[in-house]
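According to mature numbering (1 follows the signal peptide of the UniProt record, and there is no 0), the sequence shown holds residues -36 to -1, 1 to 152 in order.
For every residue, glycine included, the Cβ atom is placed at its ideal position computed from N, Cα and C.
It should be emphasised that the depicted structure is a prediction, and the values quoted were computed from it without experimental measurement.
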Amino acid sequence: MSHAKKTFSRRARVAAGATVLAAVAATAFGAVSANASAPAAVPASAVSALSSGTTTTSTHLTVDAAAKAAQAALDAAERENQKVTVAVVDRNGNTVVTLRGDGAGPQSYESAERKAYTAVSWNAPTSDLAGRLESAPNLKDIPGTLFLAGGVPVTARNAPVAGIGVAGAPSGDLDEKFARAGAAALGR
C-alpha cells in the first residue's frame, strides 16, 4: 500500500491554523466571560443580618458647614490684621477644609491642622489640653497632635464632630479666639 503524502498550500495551512486559534480563543473567552458575569453563589448559612446594637452611626460636619466655619475664623483674624491659617477636621481627624490667609507663615498650615486634630481627639480646647502636659508630658509625643492654644472642638449632642484649628497669630490666645469665632458661626 502506498502512502501518498498530501501537502497543503501555504494559504490552506494559514487558514487552518487561524481557524483553530479562533476556536480556542472563543472557547477561552466564553469560559472567562461566563465566570466574570455569573455571581458567585453564597450559601444561605453564610448570610446573616446584623443584630440590633452591632453598628453605630456618627455625625459629621458637612463640607459647607466646615467651609463656613473656616471662613468665619479667617474673617475674624483679618479684622484684627492677623495673618493665619484655619483648618477644619472631621470627627476622625481628616482635614475637610484649610484656608491659608494672605501672608500666613509656612508653619501655620501644619500647626492649624494639628491643633484641630488635637481638639477633636480630646473634645477639648487645646489651651486646656496644654495644661495637661505638666502632669503627662508624654502626651506631646502622640503623632499628629499639637498642645498649643488655638484649637477648639465642635460638638453635636455632646459628642465631637469636628475640630477647628488656627495658627499664625502672635499668641495662642488670639488663635483660639479666631477658632471660637469659626465654631460660633455654625450656631447661627
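| Query | Result |
| --- | --- |
| Distance CB(ALA120)-CB(THR23) smaller than 7 Å | yes |
| Start-to-end residues for the alpha helix (DSSP H) that takes in VAL84 | 71 to 86 |
| Whole-number beta carbon distance between ALA76 and VAL130, since they are thought to touch under 8 Å | 6 Å |
| Beta-carbon gap between residue 205 and ALA126 smaller than 7 Å | Residue coverage of the chain in this structure runs from -36 to 152, which leaves residue 205 outside it and unanswerable. |
| Proximity below 7 Å, CB of ALA68 to CB of VAL48 | yes |
| Three-state secondary structure assigned by DSSP to VAL53 | strand |
| Close beta carbons around GLY136, own chain, < 7 Å, minus the five adjacent residues each side | SER91, LEU112, ALA113, GLY114 |
| Continuous alpha helix (DSSP H) stretch holding ALA30: start and end | 27 to 43 |
| Euclidean distance between Cα positions of SER72 and THR21 | 33 Å |
| Range covered by the beta strand (DSSP E) that runs through LEU138 | Here LEU138 belongs to no beta strand (DSSP E); instead the alpha helix (DSSP H) covers 136 to 149. |
| ARG121 in three-state terms, based on DSSP | coil |
| Backbone CA spacing between ALA36 and VAL61 [nearest angstrom] | 12 Å |
| Exposed unless 16 or more other CB atoms sit within 10 angstroms - verdict on GLU44 | exposed |
| Same chain only: Cβ atoms within 6 Å of LYS32, ignoring 5 sequence neighbours per side | ALA149 |
| Proximity of ALA133 and GLN46 at Cβ, strictly below 7 Å | yes |
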